[in-house]
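Counting in the numbering used here, the sequence shown runs from 20 upward without gaps. Ideal Cβ placement from N, Cα and C applies to all residues, glycine included. The structure appears right after this line, and notes come after that.
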Amino acid sequence: MCQSDRFRRFSMKAIACIVMWVLAVLLPVAGRAADQPRSYDNYTIQRLILLNDKNEILLEKHPAGWMTPSLRSNREVSTLAALDDLAEKMGVSITQPRLAAIYLYIFDGLPDHKGASFRQHYVAHLKSGTVRQTEKDQAGPAERRWVSLAQARELIDMDPLKRETFQVLDHPEKLWGATYVLKFKDDKMQEIEVAEDFYPLGDQ
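Next up, the structure:
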């Protein structure tokens, strides 16, 4: 038998051994991983309470109603950079945002979402620019509008968001915290319970 034939036979045996190892070791591990429940991150929603020189607040209209602009913190970028990017997308330049509140949301009745979620509220003021509306072919809010604080109290439908926003605006001297429990049944939210009402985390 020539040397090339022996080498070819050795190579085939080596490949066969590798395939057998993959089937015996890696596939069972992958199967166990697939059987395990999904792990969700404790993500953070950062909300921007943006005020202009008329003391009006910027609101956005979404399917869930009017609310303050926000972003989900899931990129490898600093908080200030993310908020500046959010402002830039809206067509404005803002002062350095000030952290005003950290609220905790706990989900009850969602088997695939046992992690907590944080809501951070930042206050900033308009420096320059004109608010830009979302283009028709782009995803985003249906409308952005400057409104008075009295109008905002009427427009914001989500009670927790309204309470959170005006706790910050009515008491700007403190950094605020609170805890909510969102109760679900059959993947539908039934009620929102205030587990810990507003409490100061520190002075501003």
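Asked	Found
Contact set for ALA143: own chain, Cβ-Cβ below 6 angstroms, skip 5 residues either direction	LEU69, ILE113, THR114 and PRO116
Residue environment, MET109, which counts as buried when at least 16 other CB atoms sit within 10 Å	buried
MET86 beta carbon less than 8 angstroms from that of ILE211	no
7 angstroms CB neighbourhood of ILE121 in its chain, flanking five on each side removed	PHE137, GLN139, GLY196 and LEU220
Range of the contiguous beta strand (DSSP E) that encloses ALA214	207–222
Residue(s) in a DSSP beta bridge with VAL166	ILE76
Bridge partners - PHE126, DSSP secondary structure assignment	LEU201
Enclosing alpha helix (DSSP H) for ARG182 [first to last residue]	178–189
Per-residue burial, VAL111 [other beta carbons within 10 Å of its own, 16 or more giving buried]	buried
Rounded straight-line distance, which links the Cα of LEU67 to that of THR98	11 angstroms
Which residues DSSP lists as bridging HIS140, in chain order	ARG66 and ALA120
Bridge partners - LYS193, DSSP secondary structure assignment	ASP222
Reduced DSSP secondary structure (H/G/I, E/B, other) of ARG91	strand
VAL96, buried or exposed, once every other Cβ within 10 Å from all chains shown has been counted against 16	exposed
LYS204 beta carbon less than 8 angstroms from that of GLY128	yes
Span of the alpha helix (DSSP H) around VAL98	At residue 98 the sequence reads Thr, which differs from the Val that was named. Taken as a continuous stretch (DSSP letters only), the alpha helix (DSSP H) holding THR98 covers 98–108.
Close beta carbons around ALA106, own chain, < 6 angstroms, minus the five adjacent residues each side	ILE113
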